[in-house]
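Protein chains: 2
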Amino acid sequence: MLRPKSVAVIGASEVKNKIGNVIVTNLKDYGFKGKIYPINKKADEIKEIDGLKVYASVKDVPDDIDLAIISIPAPAVLEAVEECGEKGVKAIDVISSGFGEVGNKEEEEKLVQVAKKYGMRLLGPNTFGVYYAGNSMNATFGPKDVIPGKVAFISQSGALGIALMGWTILQQIGMSAIVSTGNKAEIDDADLMEWLAEDQNTNAILLYIEGVKDGQKFMKVARSVVPKKPVVVIKAGRSQRGAQAAASHTGSLAGSDSVFDAAMKQVGVLRASDFGEAFDWVKALSQSPTLKTQESIIVTNGGGVGVLATDACEFNHIPLIVPPEDMKQEFMKYMPSFGSPKNPVDLTGGANEKQYYDALGVAFNDERIGSVIVLYCQTAVTDPVIIAKQIARAYEESGRNKPMVTSFVGGKECDDAMKWLTRAGIPSYSTPEQAVKALAAVYAWNGYKEKLEARK
Amino acid sequence: MLRPKSVAVIGASEVKNKIGNVIVTNLKDYGFKGKIYPINKKADEIKEIDGLKVYASVKDVPDDIDLAIISIPAPAVLEAVEECGEKGVKAIDVISSGFGEVGNKEEEEKLVQVAKKYGMRLLGPNTFGVYYAGNSMNATFGPKDVIPGKVAFISQSGALGIALMGWTILQQIGMSAIVSTGNKAEIDDADLMEWLAEDQNTNAILLYIEGVKDGQKFMKVARSVVPKKPVVVIKAGRSQRGAQAAASHTGSLAGSDSVFDAAMKQVGVLRASDFGEAFDWVKALSQSPTLKTQESIIVTNGGGVGVLATDACEFNHIPLIVPPEDMKQEFMKYMPSFGSPKNPVDLTGGANEKQYYDALGVAFNDERIGSVIVLYCQTAVTDPVIIAKQIARAYEESGRNKPMVTSFVGGKECDDAMKWLTRAGIPSYSTPEQAVKALAAVYAWNGYKEKLEARK
Chain A
1 MLRPKSVAVI GASEVKNKIG NVIVTNLKDY GFKGKIYPIN KKADEIKEID
51 GLKVYASVKD VPDDIDLAII SIPAPAVLEA VEECGEKGVK AIDVISSGFG
101 EVGNKEEEEK LVQVAKKYGM RLLGPNTFGV YYAGNSMNAT FGPKDVIPGK
151 VAFISQSGAL GIALMGWTIL QQIGMSAIVS TGNKAEIDDA DLMEWLAEDQ
201 NTNAILLYIE GVKDGQKFMK VARSVVPKKP VVVIKAGRSQ RGAQAAASHT
251 GSLAGSDSVF DAAMKQVGVL RASDFGEAFD WVKALSQSPT LKTQESIIVT
301 NGGGVGVLAT DACEFNHIPL IVPPEDMKQE FMKYMPSFGS PKNPVDLTGG
351 ANEKQYYDAL GVAFNDERIG SVIVLYCQTA VTDPVIIAKQ IARAYEESGR
401 NKPMVTSFVG GKECDDAMKW LTRAGIPSYS TPEQAVKALA AVYAWNGYKE
451 KLEARK
Chain B
1001 MLRPKSVAVI GASEVKNKIG NVIVTNLKDY GFKGKIYPIN KKADEIKEID
1051 GLKVYASVKD VPDDIDLAII SIPAPAVLEA VEECGEKGVK AIDVISSGFG
1101 EVGNKEEEEK LVQVAKKYGM RLLGPNTFGV YYAGNSMNAT FGPKDVIPGK
1151 VAFISQSGAL GIALMGWTIL QQIGMSAIVS TGNKAEIDDA DLMEWLAEDQ
1201 NTNAILLYIE GVKDGQKFMK VARSVVPKKP VVVIKAGRSQ RGAQAAASHT
1251 GSLAGSDSVF DAAMKQVGVL RASDFGEAFD WVKALSQSPT LKTQESIIVT
1301 NGGGVGVLAT DACEFNHIPL IVPPEDMKQE FMKYMPSFGS PKNPVDLTGG
1351 ANEKQYYDAL GVAFNDERIG SVIVLYCQTA VTDPVIIAKQ IARAYEESGR
1401 NKPMVTSFVG GKECDDAMKW LTRAGIPSYS TPEQAVKALA AVYAWNGYKE
1451 KLEARK
């Protein structure tokens, strides 16, 4: 499904902005490392789309087809699936809607039966396509310019999924895979999670779900995935009214929220309260090395932000180290006399990039320190981008040997610095509390992982 | 202090990027509607700064001076204050540091005594200046381009305050006043709150505090201010470790957090957990009309975001209306047959600006609806900016008669739409949960106001 060498787009269109056209151009423009075969019954008239030869049927394609994306009216889908089977297609993603979600369960079941007959996997129906960074495949009708990275996103809601593709670009979060499960007629979240757990390109998995069809399967798979990779879930329909709304949206039975919550805790899946928080978390989870020891240190140029982060650490159960004398001495080398070598380590407002670089060298190299929270409060005398670069340099030189989160508080220059850090694979947040909460997610996952591994 | 007709900058400098230079140029470039008098002992040599004649002493200025900003080394401040007194200056803001915050309480007390002798009010020492939108006065050494608006911000931390000035620009939050209280030798948060409660330009007050010196005074003032204007407080040093860090940062005694929390609840001050949340809240609080009835309605083009907002409403105690038959009939006029007139009102993914405009007309004009949550989930077929404009139009035409919050989920186009809405004075947030939480702050304040008014 995610690593095809060739993709057929059934229902490819030459009309700009039509789904069948956007998928072909997205595939091409994003630089798909495989072959693209547009399929349209009117192949005789259309001839080519975006320079690619059009075929009337998958069966006319002179080559093997690994994945077929189907975007044609619902009544015509069954025949197309049958043809894919005859052709020997391995996997199908049905974008077309008009099946189970509108009560047409019978036709949906027929698609599954035909797929099974030919040994094909079936995603959907009612999806927005698939994105996979590993082979530069953007076979979606979402935005073109997804940033490749290490986070996999599985969305039950197609509309929200498409909107969140745009959001990841805005937030500069690099994605390894984006899949909408739609009606989950055959492939479901658990199947995808299982596959992504083994995927070298994916470091963290984010799920948006409104309901789970097979709870036992989900639990079993999650239990096996979490020791390998962190899983964050946004579960909509958590409240009574929300569950009703979810039922009328995707026909999902949300079930009791407290039961779901307990189940997730048992298998070590992290629950975020909204997608802002969820993406904050996966940004850190997908970039953080293993936590070797618990106690954290805050390095800052401002007292105020240091206090805010200290508060957040206590509320989010991140223990802060009390620096022993020798550690204090080391930090004091890189601050003026009115700085503070206690935790928060306050380099003071005048701290320049060299002082950050040197102080962080101490923090990264001291094995008593488990993780590092780096804060910068904008001043008139220092340039946040220059400081960001030296923070990154110190981190790289240490071999990225412990989790680090950063927060730059200020105006446009700070925003630029954070964008730079995010691109360099360093999780960065616009408030100290967001940074600490994301680090807390890293702690939580490491805790679950150890517990689950110990149980084996 | 905030409405001077003339300002003297004592320690004005001709050297770019020096505090004494930045204050003069900020005042001038921001278009201060009054007179600016740079003061520097070397007036003979310097002659003018940025085209303004320099005087050697305030006493040489041929005009009255309402406010003097002092930015000279600590040992010289006392004499300057004395001269201000002789000149008949009405208020003084001492930017210079090196007083109580470094243990030099004696000298600080002397400043207060001299100010009192002459009947002058004294802000600071150890501040970053003052900003007031009403007379276009940016007498700070922070960023030049603060956006004028309705939110007043009082910060105990100077460094964080300056950084957050930049943050408000980035977030496009309009400010009425920005003041750092510094060491609070004479004027404190309570004094400023009292003044801002009567200020026509201010709709909401945001406080960053690490500690309160006179708790009883603060409580008394807050109790009188809250029925007039919402007050949001970020209290740093809430945790045990955080309180220690705060003590070493500004020498504040943070006191017990639970006691503080109970006290704030008693007087109706809203506590935010971090400044991201605090600014989210004041954005809505400063723009919202009075809540007349409780039940809210969600209008959306996407089921997923609708479910997320429904969850958030329940968790944040915002009751959702169950639309009666007649209301449903009204909404159904503006959606396709597969839309939903229940709450969330789902206009479906194809909803255009006209459908939003019409459906919102129903929501604004129906007196059974107390507040409106408008959501937009990005689609390929509609333009978020065009939809934003019609949302604003419907709101204006209704006379802004009930609180409304909005959230546009998606990529850059949604971000542009939200920036547009924010500039139009409509609170807008990048996640439905943020929007709902901000609306919950509006509900909380209205609740406190009613309670406090009833008690009278």
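Here the protein sequences line up with chains A and B, keeping their order. Residue numbers are given in the working numbering: position 354 of the first sequence equals residue 354, and the series is strictly consecutive. In the working numbering, each residue's number is its place in the second sequence (first place is 1) plus 1000. Backbone N, C-alpha and C fix where the C-beta goes; we use that ideal spot for every residue, glycine too.
I want to verify the contact list: residues of chain A whose CB lies under 7 angstroms from the CB of residue i, in sequence order.
i	result
A1236 (chain B)	G304, V307, L308 and D311
W1167 (chain B)	V409, G410 and G411
Q1240 (chain B)	E314
Looking at the unbroken alpha helix (DSSP H) that takes in residue i, where does it start and where does it end?
i	result
Y1443 (chain B)	P1432 to R1455
Y357 (chain A)	E353 to N365
S1340 (chain B)	Taken as a continuous stretch (DSSP letters only), S1340 (chain B) belongs to no alpha helix (DSSP H), as it is neither H nor E.
I387 (chain A)	P384 to E397
I162 (chain A)	G158 to L170
S1371 (chain B)	Premise fails: S1371 (chain B) lies in the beta strand (DSSP E), S1371 to C1377, not in any alpha helix (DSSP H).
G215 (chain A)	G215 to V225
Q1266 (chain B)	D1257 to V1267
Tell me which residue opens and which closes the beta strand (DSSP E) that residue i is part of.
i	result
A1272 (chain B)	L1270 to A1272
F408 (chain A)	M404 to V409
R1121 (chain B)	R1121 to L1123
V179 (chain A)	M175 to S180
S1296 (chain B)	S1296 to T1300
S462 (chain A)	Beyond the ends of chain A as shown, which are 1 and 456, falls residue 462 (chain A); an answer cannot be given.
I1234 (chain B)	V1231 to K1235
L347 (chain A)	First-last for L347 (chain A): undefined, no H or E at that position.
A1204 (chain B)	A1204 to I1209
Measuring CA to CA, which of the options is closest to residue i?
i	options	result
A1159 (chain B)	A:Q378, A:E194 and A:I162	A:Q378
I1391 (chain B)	B:A1139, B:G1361, B:P1341 and B:R1368	B:G1361
L52 (chain A)	A:I147, A:A263 and A:A8	A:A8
N318 (chain A)	A:D346, A:K110 and A:I297	Going by the sequence as given, residue 318 (chain A) is Ile instead of Asn. Closest by alpha carbon: A:I297.
A236 (chain A)	A:E210, A:G215, A:M219 and A:Q216	A:E210
D358 (chain A)	A:E325, A:K389, A:A394 and A:E433	A:A394
F1141 (chain B)	B:D1280, B:Q1294 and B:I1069	B:I1069
V179 (chain A)	A:N203, A:V345, A:N138 and A:Q216	A:N138
C313 (chain A)	A:S97, A:E433, A:S239 and A:G411	A:E433
A1056 (chain B)	B:D1063, B:P1038 and B:R1238	B:P1038
Y443 (chain A)	A:T382, A:D383, A:G268 and A:Y429	A:G268
I10 (chain A)	A:N26, A:V81 and A:E108	A:V81
K1117 (chain B)	B:E1086, B:V1094 and B:A1133	B:E1086
D145 (chain A)	A:Q156, A:F153, A:I154 and A:M175	A:M175
R1368 (chain B)	B:P1384, B:E1397, B:R1121 and B:K1328	B:K1328
V112 (chain A)	A:D63, A:M165, A:G161 and A:I187	A:I187
T431 (chain A)	A:D214, A:N401, A:I72 and A:I373	A:I373
List, in order along the chain, the chain B residues whose C-beta lies closer than 9 angstroms to that of residue i?
i	result
I297 (chain A)	In chain order: nothing, as chain B lies at least about 12 angstroms away.
List, in order along the chain, the chain B residues whose C-beta lies closer than 8 angstroms to that of residue i?
i	result
D93 (chain A)	None at all; the shortest Cβ gap to chain B is about 18 angstroms.
F153 (chain A)	Under the 8 angstroms cutoff, chain B gives no residues; its nearest Cβ is about 13 angstroms from F153 (chain A).
S430 (chain A)	W1167 and G1276
G349 (chain A)	A1159
P344 (chain A)	A1245
Who are the neighbours of residue i on chain A, taking C-beta pairs under 9 angstroms?
i	result
E1433 (chain B)	S273, D274, F275, G276 and E277
I1162 (chain B)	C377, Q378, T379, A380 and G410
N1017 (chain B)	A380 and V381
Residues of chain A with CB closer than 8 angstroms to the CB of residue i, please, in chain order.
i	result
D1415 (chain B)	L170
Which chain B residues are close to residue i, counting only those with a beta carbon under 7 angstroms from its beta carbon?
i	result
P461 (chain A)	This structure cannot settle anything about residue 461 (chain A), because the visible part of chain A is limited to 1 through 456.
P143 (chain A)	G1411
E210 (chain A)	V1307
A246 (chain A)	V1307
Closer than 6 angstroms: is that where the CB of residue i sits relative to any heavy atom of the ligand ATP?
i	result
A1245 (chain B)	For the ligand ATP, the structure offers nothing, since it holds no ligand at all.
Q. What alpha helix (DSSP H) runs, 4 residues minimum, are completely inside the region 1082-1152 of chain B?
A. 1105-1117
(Q) Under 8 angstroms, with one C-beta from each stretch per pair, do the region 1188-1207 of chain B and the region 1225-1240 of chain B reach the 3-pair mark? (A) yes
Q) Taking three-plus beta-carbon pairs below 8 angstroms as touching, is the region 1256-1267 of chain B in contact with the region 1421-1428 of chain B? A) no
Q.
Would you call the region 119-138 of chain A in contact with the region 174-190 of chain A, where contact means no fewer than 3 C-beta pairs closer than 8 angstroms?
A. yes
Q) Residue ranges of each alpha helix (DSSP H) run of no fewer than 4 residues wholly in the region 29-91 of chain A, ordered along the chain? A) 43-46 and 74-87
Q. Touching or not, the region 397-408 of chain A and the region 326-335 of chain A, by the rule of three or more beta carbon pairs under 8 angstroms?
A. no
Q.
Count Cβ pairs between the region 1292-1307 of chain B and the region 1344-1352 of chain B that sit closer than 8 angstroms; are there 3 or more?
A. yes
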